[in-house]
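Contents: one structure, followed by commentary.
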Amino acid sequence: MTYIKQRLEDTDWQILVFKIILFIWVVSLPFKNAVYQISFVMLDLFFITHLLCTQNFGIIKDILYKTRFLGLAFAGILLSMVISNLLNPEYLSSKSWSHTILFIFRYGIIFVALAYFYKLNYFNKKDITYFVLAGLILLAITAIFYIITNPGLISHISGGLSGSLGSRTGFGLFVGLGFVLSFVLIQNKIWMPFLVIFFTFFTVFSFARSSWVASATAIAIFLILNFKKIEKKHIILLITLAILIAIFYLSYSSLQNRVEALISLNTTYRTLIWQYSLDMILQNPLFGYGISSFGNLPNSPILQSPDWNSTHNLILETLLYTGIFGSIFCIYMITMTFIKAFKTKNYGLFAIFTYIFVISQFDFGAYMSKELLSFIVIFTFLAYCDDFKEQN
Numbered sequence: 001m002t003y004i005k006q007r008l009e010d011t012d013w014q015i016l017v018f019k020i021i022l023f024i025w026v027v028s029l030p031f032k033n034a035v036y037q038i039s040f041v042m043l044d045l046f047f048i049t050h051l052l053c054t055q056n057f058g059i060i061k062d063i064l065y066k067t068r069f070l071g072l073a074f075a076g077i078l079l080s081m082v083i084s085n086l087l088n089p090e091y092l093s094s095k096s097w098s099h100t101i102l103f104i105f106r107y108g109i110i111f112v113a114l115a116y117f118y119k120l121n122y123f124n125k126k127d128i129t130y131f132v133l134a135g136l137i138l139l140a141i142t143a144i145f146y147i148i149t150n151p152g153l154i155s156h157i158s159g160g161l162s163g164s165l166g167s168r169t170g171f172g173l174f175v176g177l178g179f180v181l182s183f184v185l186i187q188n189k190i191w192m193p194f195l196v197i198f199f200t201f202f203t204v205f206s207f208a209r210s211s212w213v214a215s216a217t218a219i220a221i222f223l224i225l226n227f228k229k230i231e232k233k234h235i236i237l238l239i240t241l242a243i244l245i246a247i248f249y250l251s252y253s254s255l256q257n258r259v260e261a262l263i264s265l266n267t268t269y270r271t272l273i274w275q276y277s278l279d280m281i282l283q284n285p286l287f288g289y290g291i292s293s294f295g296n297l298p299n300s301p302i303l304q305s306p307d308w309n310s311t312h313n314l315i316l317e318t319l320l321y322t323g324i325f326g327s328i329f330c331i332y333m334i335t336m337t338f339i340k341a342f343k344t345k346n347y348g349l350f351a352i353f354t355y356i357f358v359i360s361q362f363d364f365g366a367y368m369s370k371e372l373l374s375f376i377v378i379f380t381f382l383a384y385c386d387d388f389k390e391q392n
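Position 113, counted from 1, in the sequence shown is what full-length UniProt numbering calls 113; the numbers after and before it change by one each time, with no gaps.
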């Protein structure tokens, strides 16, 4: 017992182990692989074990109090998921209940764990920001590998870069996030412009139009809110980006086609999916059809194409799966994060939330996009983290 007590009092090894687990979890987020599945479990287990051994329940009480309204929204979302599942067993998929249960562990407990270890000084804001960037850079490097092994890929590009993901939409989401993150949060005079240009290349050649729109909107919002602090370096960087993008546009007809499709508001199959989702929502507006029910609904678009497997819209997904009841809590939580970032003048995070919100109107969703939701947990934590160090 004395040995165990001594080991618990020695925090150096605990901090090292925690940072390793945190690094693995964050870096694995963009890759959608088994490492993420294992690492979030490791992070949960490390947190629960540490809490039980140290009995720091007062810290948990303080965290929950300071995020009580956020916690209320999360509890409301979870309750709406359970109710919707119970009311619609005929539409549920084989993973509906597992997604619902894991929602607690993937997002709720992870958020509390981040707040808990931050309050204990196991890591700081720079640590987790750099971990996020490391994962996004690593994903972009996989695209570089594909370019090197396929020399004609760029010169004859038509479908967009996707890196190791095999999906330009997912790849565009993450490199676009890297672009926005580098522009609004990185302060280093050398790394900031380098990373912005680095991620600009991959964002453009992902051909992911949703990422283009979301990135441009986020940067525009950031510049408007932060106009008093705009420096000469920002103007030079923006001019440089405009020139680079113009060169890319004039050099690739396939890129011109994607831009023309964007300008002409060509939503491909999304209009069909959105109309179908809206029609189904109107038939069952209060509680929806349950989590992951899209493919089992009558005449689901997935019957026409396996790619048409979700609503491709955050708001529609909340309404379709959990109805108005769940959407109220979801929209309340989204609004709270924006207000928190704005009130604290954290315009960098406000821009990141803008990016995520805009891109989720065209791709991804509120309940099923676990990698994106994990990033939302991280950035929501960053919005609230200063509160956790304040004394009551």
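The C-beta atom is built at its ideal place from N, Cα and C for all residues, glycine as well. These numbers come from a predicted model, not from an experiment.
Asked: Sequence-distant residues of its chain with Cβ nearer than 6 Å to L225 (five each side left out); Found: Y347
Asked: E317: first and last residue of the uninterrupted alpha helix (DSSP H) it sits in; Found: 314-343
Asked: Extent of the continuous alpha helix (DSSP H) to which M368 belongs; Found: Taken as a continuous stretch (DSSP letters only), M368 belongs to no alpha helix (DSSP H), as it is neither H nor E.
Asked: Local Cβ density within 10 Å of E317, reported as buried at 16 or more and exposed below that; Found: buried
Asked: Continuous alpha helix (DSSP H) assignments of at least 4 residues falling wholly in the UniProt domain "O-antigen ligase-related" (195-329); Found: 209-225, 232-251, 253-263, 270-283
Asked: Minimum C-alpha distance to R68 - residue among L51, I147, F111; Found: F111
Asked: Close beta carbons around I83, own chain, < 6 Å, minus the five adjacent residues each side; Found: F287
Asked: I302 versus D363: straight-line alpha-carbon distance, rounded; Found: 15 Å
Asked: Same chain, Cβ closer than 7 Å to M1, five either side skipped, listed in chain order; Found: Confidence at M1 is low in this model, with a pLDDT of 45, below 50, so the placement of that residue should be treated as unreliable; the coordinate-derived value is given next. If we look at M1 and ignore the five residues flanking it on each side, it has no Cβ neighbours.
Asked: Cβ-based neighbour list, T337, same chain, cut-off 7 Å, excluding 5 preceding and 5 following; Found: F353, T380, A383
Asked: Close beta carbons around L177, own chain, < 6 Å, minus the five adjacent residues each side; Found: none
Asked: Proximal residues to C385 (C-beta, below 6 Å), its chain only, five neighbours per side dropped; Found: Y118
Asked: Secondary structure of G163, DSSP reduced to three states; Found: coil
Asked: Option nearest A134 by Cα separation, candidates V27, K233, D127; Found: V27
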